[in-house]
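Those letters in the sequence shown? Residues 1 to 122, per the UniProt record's numbering, in order.
Ideal Cβ positions, reconstructed from N, Cα and C, are used throughout, including at glycine.
One structure below.
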Amino acid sequence: MAFFAVIFLSVVGGILAGDHFHSYMVGFSLATIAVGCCYWLSFRHTKYPQLALLLLISGFAVKLGITVFGVMWSLERELITSPFVFALSYLFFSLVATYGYFKYREFWNKRMDAVKAKLQTT
């Protein structure tokens, strides 16, 4: 149900932002790239739990850096025609991408647990 709500809101947002579609797409792409890199870096499996805080901080720094660089690059090329549409798009897709990555991780963890349980019983 949540998947269909996200798809519906994304399509409606794209239609409503028709005049500023470039701003909408820049917000979408920057949010998904920034959250993806942050997620990839922050939740790495490591043998040393002491590195967890360092990985979280570096993930945040990478997300901030990608966002700042992307906004500067988009403004230089005049892709952001409406800062309001860009900000709403970035906020919405940051939340959606975060939700998606956590659901993906939960799916794979359940799958790995099922495989481990199956291997232990045989």
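Got a sec, what are the start and stop residues for the alpha helix (DSSP H) residue i sits in?
i	result
phenylalanine 43	Unbroken run through phenylalanine 43: none, as it is neither H nor E.
glutamine 50	It is not in any alpha helix (DSSP H) - glutamine 50 carries neither H nor E in the DSSP assignment.
glycine 14	2-16
leucine 95	83-121
Can you tell which of the options has the C-alpha that lies nearest to the C-alpha of residue i?
i	options	result
isoleucine 33	Val96, Thr46 and Gln50	Val96
valine 62	Ala31, Phe107 and Thr121	Ala31
phenylalanine 4	Arg105, Leu91, Val35 and Gly100	Gly100
tyrosine 90	Glu76, Arg111 and Val71	Val71
Between residue i and residue j, which are expected to be in contact by the criterion C-beta below 8 Å, what is the C-beta distance as a whole number of angstroms?
i	j	result
glycine 59	leucine 41	4 Å
phenylalanine 28	phenylalanine 69	Wrong, their Cβ atoms sit about 16 Å apart, outside the cutoff.
isoleucine 66	cysteine 37	6 Å
leucine 55	arginine 44	6 Å
Would the beta-carbon of residue i fall within 8 Å of that of residue j?
i	j	result
valine 35	threonine 98	yes
Given 8 Å, three or more beta-carbon pairs between the stretch 10-21 and the stretch 70-88: yes
Validate contact between the stretch 63-83 and the stretch 23-30 using beta carbons, cut 8 Å, 3 pairs: yes
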